[in-house]
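Enquirer: For reference, each letter of the sequence shown is one residue, going 1 to 356 in full-length UniProt numbering. Beta carbons are placed, not taken as given, at the ideal position from N, Cα and C, and that holds for glycine. Before I ask anything, let me first share the structure, which is written out below as structure tokens.
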Amino acid sequence: MSLFSLAVQRMRVRFIARCAIPSILVCCWGASSVSDHGEFRFPDYAGDMPNIHADDFDAQFLRLVKEKQIDVVFATHDSVALKLAQLNEPRQHYFLVNGDRQVTETLRYKSATYALFDDCHWVPHRYCDLATIDDWPAIVKPDCGQGGNGVQRVNNRLSLEQAIESVAQAIVVEYLPGEEITVDCFTDRNRRLIWAGPRTRERVRAGISMRSREVVLDDEITDIVETINARLALRGPWFVQLKRDRTGKWKLLEVACRIAGAMVFQRARGVNLPLMAIHDFMGRDVVALPEMSVGIVDRAIVSRTRSELNYQRIYVDLDDTPHYRWFCGTCRHGVFIPESGAGKSHYADYSPCAKT
């Protein structure tokens with residue numbers, strides 16, 4: 001089976017690949033319209049895809065799917081998910097994880113999402129008539145947005161008017177002052193909610209949570225995710241972001257039918273959501289068996305270096321380096337040096353493979 005991930009967010013591509021590659025069933029490909037870190041990390045990577053809004057995107061994407069014999073596609077950005085769901089009608093080219101077109105269209109816009117759950121007490125109040133706002137502060141956010149990007153807190157009518165002018169397709173909702181969490185979920189092909197795992201959003205950078213801790217799945221959170229699952233034709237990993245209001249009750253921020261970068265928290269607990277999606281695609285029933293001892297995950301930026309130096313021998317001092325892995329870029333064969341005892345060094349011969 002061939003797996004394909006198209007994204008503008010490299011952290012999510014890396015997460016999907018690490019979850020799927022351990023399976024002997026999967027060959028993982030990655031692609032992006034922006035040249036990024038993926039070219040250093042993955043041997044099977046297309047970094048020159050056109051933007052999804054480009055005239056030649058459809059033809060090039062479908063050509064790549066056919067050429068690589070792609071079976072399953074993960075979209076790791078909300079706009080990409082919507083585009084690929086529209087492109088795949090009537091589902092004849094590939095299986096798009098959580099690729100129901102109506103779902104992707106609804107969840108891409110907060111106004112449509114809030115309208116679908118308007119009868120639920122956990123939907124924040126939306127100010128359709130700005131003249132009626134008498135409870136400050138309020139929140140102005142883009143209707144088509146994600147991860148808190150473009151969100152502005154306004155404290156009076158003047159700042160509200162300024163925010164409305166600067167935020168594209170702005171909507172105005174009540175201010176939620178409490179803590180914020182993400183609930184990672186998984187729904188199988190029979191519409192059963194298999195997993196719901198709440199986690200904190202700490203040290204957020206560009207809308208991405210860099211540190212997560214476990215949150216207890218209580219009845220209030222369970223009711224929210226079960227209602228969402230009942231009203232949307234979801235299949236695969238998805239998530240919902242919640243925030244407490246002034247009374248301490250959870251309110252909805254957004255729902256997304258894609259992988260979240262910090263879903264790696266669930267992977268560390270033994271719940272491999274991307275691999276579960278692949279097994280579900282193959283018609284297999286899945287069950288989550290979490291490792292309850294894992295309570296926190298922290299992430300950081302890593303660095304990679306490309307060298308033009310030709311060499312045949314590598315000397316590694318294992319006092320400072322626990323392990324090394326390097327690959328021949330031609331044949332993808334690699335050498336792994338396991339950790340050695342203190343004071344030990346490892347000397348290895350390495351001959352780059354001839355190009356064929």
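Apply the 10 Å Cβ neighbour rule to PHE61 and answer buried if 16 or more other Cβ atoms are within range, or exposed otherwise.
Expert: buried
Enquirer: Please work out which residues of its chain come closer than 7 Å, Cβ to Cβ, to GLY329, disregarding the five sequence neighbours upstream and downstream, and give them in chain order.
Expert: Residue confidence for GLY329 is low, a pLDDT of 44 falling below 50, so the modelled location carries little weight and cannot support an answer.
Enquirer: Which parts of the region 144–200 are runs of the beta strand (DSSP E), unbroken and 3 residues or longer, counting only runs that do not cross its ends?
Expert: At a cut-off of 3 residues, the continuous stretches assigned as beta strand (DSSP E) that sit fully inside the region 144–200 are 152–154, 170–174, 180–187 and 193–200.
Enquirer: Going by beta-carbon coordinates alone, are TRP122 and TRP238 separated by less than 7 Å?
Expert: no
Enquirer: Could you check the C-alpha separation between ASP223 and ASN229 for me, to the nearest Å?
Expert: 10 Å
Enquirer: If you reduce the DSSP assignment to three classes, tell me which class VAL80 lands in.
Expert: Three-state result, VAL80: helix.
Enquirer: Suppose the cutoff is 7 Å on Cβ atoms and the five residues either side in sequence are ignored; what does the same chain contact list for ILE215 look like?
Expert: With the sequence shown as reference, residue 215 is identified as Val, and Ile is not the correct amino acid for it. The residues are ILE181, PRO198, ARG199 and THR200.
Enquirer: Closest to VAL302 by CA distance: which of HIS37, SER33, LEU158 and CYS28 is it?
Expert: HIS37
Enquirer: Only counting runs of 4 or more residues, tell me where the alpha helix (DSSP H) segments fall wholly within the region 89–127, in order along the chain.
Expert: 101–107 and 110–116
Enquirer: Skipping 5 residues on each side, what residues in its chain have a beta carbon closer than 7 Å to that of GLN266?
Expert: ASP184, GLY197 and LEU273
Enquirer: Do you know offhand how far TYR127's Cα is from TRP195's?
Expert: 34 Å
Enquirer: Indicate whether at least one CB of chain D lies closer than 7 Å to the CB of ASN190.
Expert: The displayed structure is made up of one protein chain only, and chain D is not part of it.
Enquirer: Would you call the region 185–194 in contact with the region 166–176, where contact means no fewer than 3 C-beta pairs closer than 8 Å?
Expert: no
Enquirer: Mapping DSSP to helix, strand and coil, what is ALA75?
Expert: strand
Enquirer: Using beta-carbon positions only, say whether ARG211 and ARG205 come within less than 7 Å of one another.
Expert: Between ARG211 and ARG205, the CB-CB gap reaches or exceeds 7 Å.
Enquirer: Quick check: the Cα distance between GLY99 and ALA85, rounded to an integer number of angstroms?
Expert: Between the alpha carbons of GLY99 and ALA85 lies a gap of roughly 5 Å.
Enquirer: Once the 5 residues before and after GLU226 are set aside, which same chain residues still bring their CB inside 7 Å of it?
Expert: LEU193
Enquirer: Could you tell me the alpha carbon to alpha carbon distance between ALA262 and ALA31, rounded to whole angstroms?
Expert: 20 Å
Enquirer: Keeping to the same chain, check which residues put their C-beta closer than 6 Å to that of PHE95; ignore five residues upstream and five downstream.
Expert: VAL72 and PHE281
Enquirer: Cutting at 8 Å between CB atoms, please list the residues of its own chain near ASP245, excluding the five before and the five after it.
Expert: PRO124, GLU174, LEU176, PRO177, GLY178 and LYS251
Enquirer: If you drop the 5 nearest sequence neighbours on each side, which residues of the same chain put their C-beta closer than 7 Å to that of GLY207?
Expert: GLN146, GLY147, GLY148 and ASN149
Enquirer: Can you give me the C-alpha to C-alpha distance between PHE57 and VAL255, rounded to a whole angstrom?
Expert: 26 Å
Enquirer: With DSSP as the reference, please indicate the residues paired to ALA54 in a beta bridge.
Expert: Bridge partners of ALA54 according to DSSP: none are assigned.
Enquirer: What did DSSP end up calling ALA46 once you bin it into helix, strand or coil?
Expert: Taken through DSSP and simplified to helix, strand or coil, ALA46 comes out as strand.
Enquirer: Name, in chain order, the residues that DSSP records as bridge partners for GLY236.
Expert: THR187
Enquirer: Just to confirm my understanding: we take GLN152, look at its own chain, exclude 5 residues before and 5 after, and list those with CB closer than 7 Å. What are they?
Expert: VAL140, ALA163 and VAL167
Enquirer: What's the C-alpha gap between ARG108 and PRO290?
Expert: If I take the Cα positions, the gap works out to 30 Å.
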